[in-house]
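In the numbering used here, the protein residues as written are 6 to 1095.
Think of the CB as a built atom: it goes at the ideal place given N, C-alpha and C, for glycine as much as any other residue.
The structure appears below as structure tokens.
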């Protein structure tokens, strides 16, 4: 409610800012406090007079000022009687502002509001939808049980209103009425059921919120509306999207079988069943595995995917939790990139997102490993964010990246933020316990920290060392001696107590030091902290039992001091220890076992993540953030063992639509269906991701009807929003949009013709969006298949795909949507190697004016620099070096060609050299060289391989193996090797550069000596760093270079413009802004140096 009132206040009250400022200054009078109050009274009297004026302009002016006061947080409740008189005003502007005021104060001034209730009731019939909605809002804000029947009647009438805005407000009022009188639940459920059938996107979010508040357990109300809600989701406002996604997550957990368990089961069954069949069939069936799920389950996952690019962080978080809780494990990976993107938001959003990532990273490390650097701590981060990032880094730590992380942690320990430095030391301790290879390294590093000047760092190090030493105490006597010496300098109680505990536990290993430490502690006993005193008592008891000759008197002295201590815990502990270790006639049987009690083997502490037990709460909820169940939290149910009947989601209304189809048009139905099912079967063989459609669309007659009904309902309910949703889905995933347009075409022929008309109108109304035009024309060409020949259709589709590819890469540059494809789904895209005839056709049709622009050229320069892949010492005589030959890769047009030279430096033959154990980030692919049978002593061989780096500098990790050994190696490409040189004219260069401005452009200023700015020097330096082509330039002071990225074919335009003096400007234009900024960073120092 308040959101709308603020919207009104911005519109209405914004124009009076100067007057409000004058009022504020007038209130402060020199006559002191009394003057202040008197001026306030005068000001309000003035407003009352204006409200009672006969002139509408004065009333409107007064209402604007009053709403402005409310917006500033000032109290305007005493003006209620004067304002409420104007509720019947004929001026619509005044009426709107009066209702804004009444919504704010109706609850406080209920008696006065009740006097005008007849006016509100009349306003419910007002011709203006804003007045009707405002009247309902005011009525539901009067929290008096006596008007519940009137409110109930008003809500029922408003739910049938022609205006979706009024129906939306009726849904809001439902929640208010339910909180006022829960006995109205049954009647309200009827209204909710009616509103759930509403086809307007404006109402959907509000009614689902009402459903969640009033009757969240009535899942049966959702069945018939499930598909409609899934299809409308893209067009609903952001707040509604969040509510609907959370509700559909709960729904999916009750109605569908677990995709996780199903995957495992299918894997075993299929392998056993297909053992005797040929391998090709087995591979095909294994590809189908992840999609063998309910079509409605797939519909929800598919329709929420585009929302991962929403500008609203709450929507992205909602989709992420939906994928985490209901999607197959092979598809969850796509949410990681979107969540990392949210880390650029403000600190509040970062805090929530990092908490959820921390929970996810415990179970699925692989999801966030490629983005490890995104979690590095920045100096500007607040402490709460730093500690969460540390938590995630600890969860992601493994043998491969631990050395990098430990270097990072060394920097963090020096931070001025002491709480963060202490948390870092705890993190190092956790890494040491989780990864046994670095335990000793971490321990020696922590011991070095003991000489730090900062007390807090030293204290935390002591506590962590104590925990680590508990795991292997026998090996570290020297460290314990070193820590005993620190007792004189450390003052932090926890650290002193930890040292005393360690010495007590290992008193038999340090027999000379322990008694001396007890002597020193006895001197300062009375001045110590309570925590330290307890440990001194424990140390005395342990030494009394193991070395009573030296320490008997000391222990008795300490026990006497403790006997009269002010703290009752210490007095109790003293009495207990005395009775236990000093035997006398009163001692019980326990004194015999004193040594076993005090010096028992203690279990090593388990250093666990504090987020380990949060996974039972739904991600993104308040309960998950607080780690305790909040009021109103709805738990996610476990997956059902057997899926409930899916037919409950079928909508019968579609059958009536079929009866209404004219007989002449009905004849077209069967050929259309056959055509689409055939095309989908063809698409299935090449792209496993469309499996669910083929199952739902052509598996059986019953499922075919079910699919039709869902698609028809989506057409009927969101026809006016079709063009918007298509553009969003196309931006999210081009293939998804293509599948959606195909599946929509599967309905009746009459619906197809209507859709064609609508797609035409949407084309004319949205000419600015080229991607929408192409998709709608695509669906047109498909639906008119009878009149067109098959070959012509194929040619047209190829041409459109080519243009769509170029347009799509230009529109969607910031989010790198290509990376959203899950690993298990092969991406079917047109190959860039076009036949000469097709290129000629495209040029003739002017569909792609840039087809002649982008032609790959031979490299200007090939650097001879090699990189070490495997050193001969690490490889036990096998050495490997690699370099980039800058040639198109023979294994795939999206792969970077790499040549590896293998040397045998031993005096024996090395056999069976091959690659295995590939650990590639999501989307990355590798074509390995054929196994080398043997390599003679001092022999050498060069082999080629290809890696698709997906236009990123992420590392490709794999194992280089021989007959006897396997060595972990990795290749990280320089950014300049991810490019192919392009030949183009200066005119084409300028044209393309003009299209890649704004956020697609990065630049920097270079300062260097004039001799470094000669043409030959600039050319040599640029082509040495990057595989770019030289563009001819008509200006002496401007040098241009062009290339395209290997994977996506995006242009990379480099310009070096010489300025006056010894400066130059380096400009890079590209859709791939990340690669552009990295290339800029690499080129700048090279061009600057002599």
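Distance between residue j and residue i (C-alpha atoms, nearest Å)
i            : j            : result
residue 184  : residue 88   : 28 angstroms
residue 1090 : residue 350  : 31 angstroms
residue 296  : residue 361  : For residue 296, the predicted model reports a pLDDT of 44, less than 50, meaning its position is unreliable and no value from the coordinates is stated.
residue 406  : residue 493  : 38 angstroms
residue 1073 : residue 430  : 42 angstroms
residue 179  : residue 215  : 6 angstroms
residue 581  : residue 558  : 18 angstroms
residue 498  : residue 973  : 46 angstroms
residue 482  : residue 510  : 12 angstroms
residue 1028 : residue 880  : 33 angstroms
residue 891  : residue 864  : 7 angstroms
residue 168  : residue 952  : 57 angstroms
residue 252  : residue 139  : 28 angstroms
residue 376  : residue 345  : 7 angstroms
residue 634  : residue 621  : 10 angstroms
residue 540  : residue 262  : 56 angstroms
residue 913  : residue 449  : 40 angstroms
residue 963  : residue 868  : 25 angstroms
residue 107  : residue 85   : 8 angstroms
residue 333  : residue 264  : 5 angstroms
residue 1075 : residue 1084 : 11 angstroms
Where residue i falls: helix, strand or coil (DSSP)
i            : result
residue 986  : strand
residue 30   : In this predicted model, residue 30 has a pLDDT of only 38, less than 50, meaning its place in the structure is not dependable; the value taken from the coordinates is given anyway. Reduced to three states, the DSSP call for residue 30 is helix.
residue 1096 : One cannot answer for residue 1096 here, as it falls past the ends of the chain, which runs 6 to 1095.
residue 885  : strand
residue 893  : strand
residue 381  : coil
residue 1008 : strand
residue 878  : coil
residue 903  : strand
residue 216  : helix
residue 512  : coil
residue 963  : strand
residue 71   : helix
residue 1069 : strand
residue 863  : coil
residue 976  : strand
N-terminal and C-terminal residue of the beta strand (DSSP E) that residue i is part of
i            : result
residue 953  : 945-953
residue 919  : 915-924
residue 872  : 872-875
residue 1034 : 1034-1036
residue 648  : Where residue 648 is concerned, there is no enclosing beta strand (DSSP E), given that its DSSP letter is neither H nor E.
residue 1045 : 1043-1050
residue 1057 : 1056-1063
Element boundaries [alpha helix (DSSP H), containing residue i]
i            : result
residue 1080 : 1078-1093
residue 567  : 553-568
residue 156  : 153-164
residue 231  : 231-237
residue 246  : 243-260
residue 938  : Looking at the DSSP string, residue 938 is not in any alpha helix (DSSP H); the run it does join, the beta strand (DSSP E), is 937-940.
residue 149  : No alpha helix (DSSP H) contains residue 149, which DSSP labels as neither H nor E.
C-beta neighbour in chain B for residue i, strict 8 angstroms
i           : result
residue 562 : No chain B is part of this structure, which consists of one protein chain only.
Report yes or no: do three or more beta-carbon pairs, one from the segment 1009-1019 and one from the segment 991-998, lie closer than 8 angstroms? Fewer than three pairs of CB atoms, one per stretch, sit closer than 8 angstroms, so the segment 1009-1019 makes no contact with the segment 991-998.
Three Cβ pairs or more, each shorter than 8 angstroms: is that satisfied between the segment 615-635 and the segment 523-534? The segment 615-635 makes no contact with the segment 523-534; the number of CB pairs closer than 8 angstroms stays below 3.
For the segment 338-352 and the segment 639-659, state whether three or more C-beta atom pairs, one from each stretch, are separated by less than 8 angstroms. Taking 8 angstroms as the limit for Cβ pairs, the verdict is that the segment 639-659 does not touch the segment 338-352.
Enumerate, from N- to C-terminal direction, the unbroken alpha helix (DSSP H) stretches of 4 or more residues contained entirely within the segment 158-212. Within the segment 158-212, the runs of alpha helix (DSSP H) that reach at least 4 residues and sit entirely inside it are, in chain order, 169-185 and 190-201.
Examine the Cβ distances between the segment 228-242 and the segment 605-623 and report whether three or more of them are shorter than 8 angstroms. Under the 8 angstroms Cβ criterion, the segment 228-242 does not count as touching the segment 605-623, having fewer than three qualifying pairs.
Taking one C-beta from the segment 942-958 and one from the segment 903-921 each time, how about it: are there three or more such pairs within less than 8 angstroms? Short answer: they touch.
At 3 residues or longer, and completely inside the segment 347-394: list those beta strand (DSSP E) runs for me, N to C. Counting whole runs of 3 or more residues, the segment 347-394 contains no beta strand (DSSP E) stretch at all.
Is it the case that the segment 995-1009 contacts the segment 888-903, given that we only count it when at least three CB pairs across the two stretches are under 8 angstroms? In short, these stretches do not touch, since the Cβ pair count stays below three.
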